[in-house]
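The block underneath contains the structure these notes are about, expressed in structure tokens.
There are 2 protein chains.
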Amino acid sequence: MNSLKIYNTLTREKEIFNPIHSPYVGMYLCGPTVSGESHLGHIRPAVTFDIINRYLKYLGYIVRYVRNITDAGHFEEEGRESQDKVANKARLEQLEPMEMVTRYTNLYRDAMDKLNVLRPSIEPTATGHIVEQINMIEDIMSKGFAYEVNGSVYFDVTRYAQENDYGRLSGRKIGEMIAGSRELEGQGEKRNPADFALWKNAPPEHLMRWRSPWGEGFPGWHIECSAMSSKYLGAPFDIHGGGMDLLFPHHESEIAQTKIAVGKPVANYWVHNNMITIKGQKMSKSLGNTITISQMTDGNHLLLEQAYSPMTLRFFILQTHYRSTLDFSNEVLMAAEKGLQRLLQAQRTLKDLAYNEVDSDFNQEEDNIVKQLIDSCTVHMNDDLNTAMVLASLFELSSKIYSWQNAQLKISSISRETFVLLLKTFNDFVSDVLGLKDEITVDDSKMNELMDLLIALRKEAREKKDFHTSDKIRDNLKKIGIQLKDGKEGTTWGV
Amino acid sequence: MNSLKIYNTLTREKEIFNPIHSPYVGMYLCGPTVSGESHLGHIRPAVTFDIINRYLKYLGYIVRYVRNITDAGHFEEEGRESQDKVANKARLEQLEPMEMVTRYTNLYRDAMDKLNVLRPSIEPTATGHIVEQINMIEDIMSKGFAYEVNGSVYFDVTRYAQENDYGRLSGRKIGEMIAGSRELEGQGEKRNPADFALWKNAPPEHLMRWRSPWGEGFPGWHIECSAMSSKYLGAPFDIHGGGMDLLFPHHESEIAQTKIAVGKPVANYWVHNNMITIKGQKMSKSLGNTITISQMTDGNHLLLEQAYSPMTLRFFILQTHYRSTLDFSNEVLMAAEKGLQRLLQAQRTLKDLAYNEVDSDFNQEEDNIVKQLIDSCTVHMNDDLNTAMVLASLFELSSKIYSWQNAQLKISSISRETFVLLLKTFNDFVSDVLGLKDEITVDDSKMNELMDLLIALRKEAREKKDFHTSDKIRDNLKKIGIQLKDGKEGTTWGV
């Protein structure tokens, strides 16, 4: 179990993964802000940490995986403070904020299901943990690391930085951070430009508001993750994940908050996935190249030449190592679509292959090649979860499988033992570790129509005394668990 | 829009439904307690209020539908206080309570999707609204209707009953309620046995706990619904729903809490569905006749002779008026399975029927019968949502549809106008109002296998120059949106 190495942003090194309470692993991922429909930038961390979750389970660990939903809060971007995205969007759509949040949360969850992302053990929301956040802010204040101004509370970064390395994770220097800050909304209240909001006083028109010891307001963006991760995973826990764009200020602030409130580090391993670019450009609203999940699956976007299924998107993401930039283009996605089909077809073919032992066919070299390819799946995953290399190995194995099917190569050139190992490993890695599978591409009424058609074809064949065809239909259906029942009112079917 | 009548438990009368801010309607349903897997008793209210939600939308109303998830809290049953179900179950399963809650919430949501229950606009949780509950308790205390003892807070029912009709909804007398109470856990702290807990002090071993002005504790069961309904729907809102078992103490307590805290009634219409019995007996854990949703759909329960699909369950529920007892038996469920298929088949048949106008066939009496059946769907729904009678009308219409298909009766015996109206009404009521539809009974890999089979059959037919069959396959697939593409590597398909 302990040969897995993960790149730790905190140390800038690939480290052997040793959980605190093996076989239990605690993992937290900063989930989406549900002020709009999820886009490609939300998919990548979800899939990346799904792979970690799946691989840890494959290795035998018991994972408590917490992925939050940011459904409220004050948003600070680097150097400036922005407004509450959730409340603003709700005002635009003339909806009660929670009604909008529910809609986008449902869309996100549905997308995750379609992408075959395993559901987290706990999916806490920011609005669902206001008490916990207020409590944590009280604790930080009582220790002297936060101060109240006009009903808002700020974290005192300067005081924190005197004894702690604020900026260690993101590799920034506190002096530069201060110099880089601009004087904007709320800045006047801060003792120091680098300080960040823990609680914001709510102006009268603000829709989302809660009573607090400092008057009615709403939590800052960073505090939710410190409050929820320590509540459900303790401190420190094993793995904290997120996109690289969250390194600063979000994760840096989390570390500071938890250190003061709980007196401990947040997590032992900080893992960050790289960004998605569109034809080499950063994806952003201002460039108009943000693509939502439903646009991807409908093909309804200027940059898209066709629709791409959720499973194609998943495969596309896995083709690049998570710490590399993932560049979106139609060419790569079309290739991913084909690659995915080829891999799943190889999996089906492998299941149908019958192993025939013929001693004289055995070829030690061939057997070694296959065994090495099998081993390489684990080797690549253990090397900082290199799914790109795992896919390369699975494709080489697919070529072998196709050769056996076409009888270009004899299956008995490898030993039965190797064949059995291949069968298990190929399935484990395709289905369980990488989470790739066939998709539902037709709806249930189509299914009924297809069955009606097959039943009609069988009836015609029987009338023509073409029993080869009628038996073929019945037997093939039986093989996949569909039973035909001939009755007075015609033929019915069931599973 | 205003000819809908709903039975109001508060007045014991069918009343014309007049929303406060038409066309907007606010509706709240007490959702499940997620301390275990959902059972038949959870399905009935969900389906009943889904029907109200759907019918209100059909009538043109814009509904904000709030259905909560009870994932924490102290449970009081009549006459005695029980322990926190969620925390107890979590201890049994050795899980963090929220991990267990997440699992059962997911199971419930998945079941609702399969039952084709439309998702609520907002799905708030008790743990997600601790601040709101604490605030409401503070408000009630400040008005003198609640008192603290040893870190727990109780609602003062005696004082409330002096000026308010406590017991009006459930038809109970306060004196009887007191006489019926037993001296149990927590009773010693109460000034009066009829008082109920708003907040409970958490003993040290209690897992779910929050800081409050009265020390660490957890909310009473009733307060969550008052806090969440008034937050998202205001007070009063239009419709408050739930099972009849919630009349007392839950809904009675909600009314009292909101009256004091907000100064207003909870809702104008209180709607309650009746209970489910199993072969005439009340369903309860102690009788061992509780059937969970997955047991129903797997057929894995001693009382079940076979598995029943979610849509069969839905149909079964709709066959009885929501205010009548619904008695579960295998016979009725098997009949429901057949009835559902007959109705959906009639819907498909109707879509395929071509109307041929032949003046001489027109039969005024026949036309009147069909028009009356069409009208009766709305009439029955307007009469306190009588889905049982709507289904009866749809079945009479189905008989007509089958007669037209079998040419026993001429379709032109009714006018084209009536036919067009029938087409719309039948679809609207089956699909949109009653929410009945074909189910997904086979998974996607089966779908692939079916297509492989059809493609193989087509290939064989073409080789035999049986173009009737090969064309039939291609044309039928095309009709349902599946395109075949012949290429170098064989035939592929897409939708």
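If you're matching them up, the sequences are chains W and S in order.
Numbered according to our numbering, the first sequence spans residues -1 to 493.
Numbered according to our numbering, the second sequence spans residues -1 to 493.
Backbone N, C-alpha and C fix where the C-beta goes; we use that ideal spot for every residue, glycine too.
Assuming residue i is part of the beta strand (DSSP E), what are its boundary residues?
{"i": "lysine 3 of chain W", "result": "3 to 6"}
{"i": "tryptophan 491 of chain W", "result": "488 to 492"}
{"i": "tyrosine 26 of chain S", "result": "22 to 27"}
{"i": "leucine 482 of chain W", "result": "481 to 485"}
{"i": "aspartate 137 of chain W", "result": "Taken as a continuous stretch (DSSP letters only), aspartate 137 of chain W belongs to no beta strand (DSSP E), being part of the alpha helix (DSSP H) at 128 to 140."}
{"i": "tyrosine 53 of chain W", "result": "Counting along the chain, tyrosine 53 of chain W falls outside any beta strand (DSSP E), though it belongs to the alpha helix (DSSP H) covering 38 to 56."}
Please return the same chain residues whose Cβ sits closer than 6 Å to the Cβ of residue i, not counting the five positions on each side in sequence.
{"i": "serine 374 of chain S", "result": "Ser391"}
{"i": "proline 17 of chain S", "result": "Val23, Asp236"}
{"i": "valine 431 of chain S", "result": "Arg52, Tyr53, Tyr56"}
{"i": "phenylalanine 516 of chain S", "result": "Because residue 516 of chain S is not part of the residues shown, which for chain S are -1 to 493, the question remains open."}
CB-CB under 7 Å to residue i, same chain, minus the five flanking residues each way: which ones, in chain order?
{"i": "arginine 65 of chain S", "result": "Leu27, Gly29, Pro118, Glu121"}
{"i": "histidine 378 of chain S", "result": "Asn384, Met387, Val388, Ser391"}
{"i": "threonine 467 of chain W", "result": "Ala459"}
{"i": "glutamate 75 of chain W", "result": "Residue placement at glutamate 75 of chain W is flagged as unreliable, the pLDDT there being 36, under the threshold of 50; a coordinate-derived value is accordingly withheld."}
{"i": "aspartate 359 of chain W", "result": "Lys408, Ser410, Ser411"}
{"i": "asparagine 6 of chain S", "result": "Glu13, Tyr267, Trp268"}
{"i": "leucine 167 of chain W", "result": "Thr7, Leu8, Leu245, His249, Glu250, Ile253, Trp268"}
{"i": "glutamate 222 of chain S", "result": "Asn66, Thr68, Gly71, Ala124, His127, Gln131"}
{"i": "aspartate 243 of chain W", "result": "Met273"}
Measure the alpha-carbon distance for residue i versus residue j and round it to whole angstroms.
{"i": "glutamine 370 of chain S", "j": "leucine 389 of chain S", "result": "14 Å"}
{"i": "tryptophan 219 of chain S", "j": "isoleucine 135 of chain W", "result": "28 Å"}
{"i": "phenylalanine 427 of chain W", "j": "leucine 348 of chain W", "result": "14 Å"}
{"i": "lysine 457 of chain S", "j": "glycine 488 of chain S", "result": "10 Å"}
{"i": "isoleucine 315 of chain W", "j": "valine 45 of chain W", "result": "8 Å"}
{"i": "aspartate 330 of chain W", "j": "glycine 433 of chain W", "result": "The displayed chain sequence assigns valine, not aspartate, to residue 330 of chain W. Near 20 Å, if we compare the C-alpha coordinates of glycine 433 of chain W and valine 330 of chain W."}
{"i": "serine 284 of chain W", "j": "leucine 116 of chain W", "result": "32 Å"}
{"i": "serine 397 of chain W", "j": "arginine 340 of chain W", "result": "10 Å"}
{"i": "threonine 123 of chain S", "j": "alanine 225 of chain S", "result": "11 Å"}
{"i": "glutamine 362 of chain W", "j": "lysine 112 of chain S", "result": "52 Å"}
{"i": "valine 61 of chain S", "j": "threonine 423 of chain S", "result": "22 Å"}
{"i": "serine 401 of chain W", "j": "glutamine 345 of chain W", "result": "13 Å"}
{"i": "glycine 142 of chain S", "j": "glutamate 97 of chain W", "result": "34 Å"}
{"i": "valine 99 of chain W", "j": "alanine 109 of chain W", "result": "15 Å"}
{"i": "proline 500 of chain W", "j": "methionine 25 of chain W", "result": "What is shown of chain W runs -1 to 493, which leaves residue 500 of chain W out entirely."}
{"i": "threonine 107 of chain W", "j": "glutamate 461 of chain W", "result": "The sequence as given places arginine at residue 107 of chain W; threonine does not occur at that position. So the two alpha carbons sit approximately 49 Å from each other."}
Compute the distance between the beta-carbons of residue i and residue j, then report whether it is under 9 Å.
{"i": "glycine 240 of chain S", "j": "asparagine 271 of chain S", "result": "yes"}
{"i": "alanine 254 of chain S", "j": "asparagine 104 of chain S", "result": "no"}
{"i": "valine 269 of chain S", "j": "isoleucine 50 of chain S", "result": "yes"}
{"i": "asparagine 446 of chain W", "j": "aspartate 436 of chain S", "result": "yes"}
{"i": "histidine 238 of chain W", "j": "serine 228 of chain W", "result": "no"}
{"i": "tyrosine 306 of chain W", "j": "threonine 323 of chain W", "result": "no"}
{"i": "glycine 126 of chain W", "j": "glycine 126 of chain S", "result": "yes"}
{"i": "glutamate 546 of chain W", "j": "leucine 205 of chain W", "result": "The structure shown does not extend to residue 546 of chain W, since chain W spans only -1 to 493, so no value can be given for it."}
{"i": "threonine 156 of chain S", "j": "asparagine 190 of chain S", "result": "yes"}
{"i": "glutamate 364 of chain S", "j": "arginine 414 of chain S", "result": "no"}
For residue i, collect the residues of the same chain with a Cβ closer than 8 Å to its Cβ; drop the 5 residues on either side in sequence, then sort them by chain order.
{"i": "leucine 289 of chain W", "result": "In the sequence under discussion, the amino acid at residue 289 of chain W is isoleucine, which differs from the leucine named in the question. Cβ neighbours of isoleucine 289 of chain W beyond the five flanking positions: His37, Leu38, Ile276, Met281, His299, Leu301, Leu302, Phe326."}
{"i": "lysine 3 of chain S", "result": "Lys12, Glu13, Ile14, Phe15, Asn380, Asp381, Asp382"}
{"i": "tryptophan 212 of chain S", "result": "Glu146, Gly149, Ser150, Val151, Trp197, Asn199"}
{"i": "glycine 337 of chain W", "result": "Phe313, Gln317, Leu389, Phe393"}
{"i": "leucine 420 of chain W", "result": "Leu348, Val368, Ile372, Leu395, Ile412"}
{"i": "proline 21 of chain S", "result": "Met(-1), Gly58, Tyr59, Ile60"}
Assuming residue i and residue j make a contact with CB atoms under 8 Å, what is their CB distance in whole Å?
{"i": "valine 264 of chain W", "j": "proline 217 of chain W", "result": "About 17 Å separates the two Cβ atoms, so there is no contact after all."}
{"i": "glutamine 403 of chain S", "j": "leucine 351 of chain S", "result": "7 Å"}
{"i": "glutamate 335 of chain S", "j": "threonine 310 of chain S", "result": "5 Å"}
{"i": "valine 151 of chain S", "j": "tryptophan 197 of chain S", "result": "4 Å"}
{"i": "alanine 159 of chain W", "j": "phenylalanine 153 of chain W", "result": "Not really, about 11 Å apart at Cβ, beyond 8 Å."}
{"i": "isoleucine 471 of chain W", "j": "leucine 455 of chain W", "result": "6 Å"}
{"i": "isoleucine 41 of chain S", "j": "isoleucine 258 of chain S", "result": "With 8 Å as the limit, isoleucine 41 of chain S and isoleucine 258 of chain S do not qualify as a contact, their Cβ atoms being about 34 Å apart."}
Give a single yes or no on whether residue i has its beta carbon closer than 8 Å to a heavy atom of the ligand SAM.
{"i": "isoleucine 471 of chain W", "result": "As far as ligands go, the structure on display features none, and thus does not contain the ligand SAM."}
Output the boundary residues of the alpha helix (DSSP H) element that contains residue i.
{"i": "isoleucine 367 of chain W", "result": "362 to 380"}
{"i": "tyrosine 158 of chain W", "result": "155 to 161"}
{"i": "proline 95 of chain W", "result": "95 to 112"}
{"i": "glycine 169 of chain W", "result": "Premise fails: glycine 169 of chain W is in no alpha helix (DSSP H) and is neither H nor E."}
{"i": "isoleucine 471 of chain S", "result": "465 to 477"}
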